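Trainee: One structure is given below, represented as structure tokens, and several questions about it will come after.
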Amino acid sequence: MGDHWEQLLDLSVDGAGAEDRLQEVRNWLSQRLDQGGPGRLLMSVFSRISDWDQGGTEPLLTCTGCSWTALLGDWKISP
Numbered sequence: 000m001g002d003h004w005e006q007l008l009d010l011s012v013d014g015a016g017a018e019d020r021l022q023e024v025r026n027w028l029s030q031r032l033d034q035g036g037p038g039r040l041l042m043s044v045f046s047r048i049s050d051w052d053q054g055g056t057e058p059l060l061t062c063t064g065c066s067w068t069a070l071l072g073d074w075k076i077s078p
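So, in structure tokens, the structure goes:
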């Protein structure tokens, strides 16, 4: 094992709503990482983020729903 990890933060949630938000995020990730589902696409994105984090170029992603294309940093990922 390495000494690298990822953290997801939602700064819009206060302490009282943190547990509920944590469960929402867990459920969302579980649904997408479920084998045979859209997790393969999500894992591809994680791989591209990791490459970018290691000094690579910022990934250009395309939405599978509407075909909108933009650099990862320009995507609005909040609900």
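Quick note: the sequence shown, position 43, residue 42 per numbering that gives the first Met the number 0, numbers continuous. A virtual CB, placed ideally from N, CA and C, is assigned to each residue, including glycine. From a predicted model like this one, the values you see are computed outputs, not experimental measurements.
A15 bridges to which residues according to DSSP?
Mentor: Answer is none; A15 lacks a bridge partner.
Trainee: How far does the beta strand (DSSP E) with T61 in it reach, from first residue to last?
Mentor: Looking at the DSSP string, the run of the beta strand (DSSP E) that includes T61 is 59 to 61.
Trainee: Near W47, what residues of its chain come up, given a Cβ to Cβ distance below 7 Å and the 5 sequence neighbours on each side ignored?
Mentor: Per the sequence shown, the amino acid found at residue 47 is Arg instead of Trp. Cβ neighbours of R47 beyond the five flanking positions: P58.
Trainee: Going along the chain, which residues of its own chain have a beta-carbon closer than 8 Å to the beta-carbon of V24, five neighbours each way excluded?
Mentor: So the list reads L7, D9, once near-sequence residues are dropped.
Trainee: With a threshold of 6 Å on Cβ separation, who are the neighbours of W74 within its own chain once the five nearest residues in sequence on each side are excluded?
Mentor: Correct list: empty, nothing qualifies.
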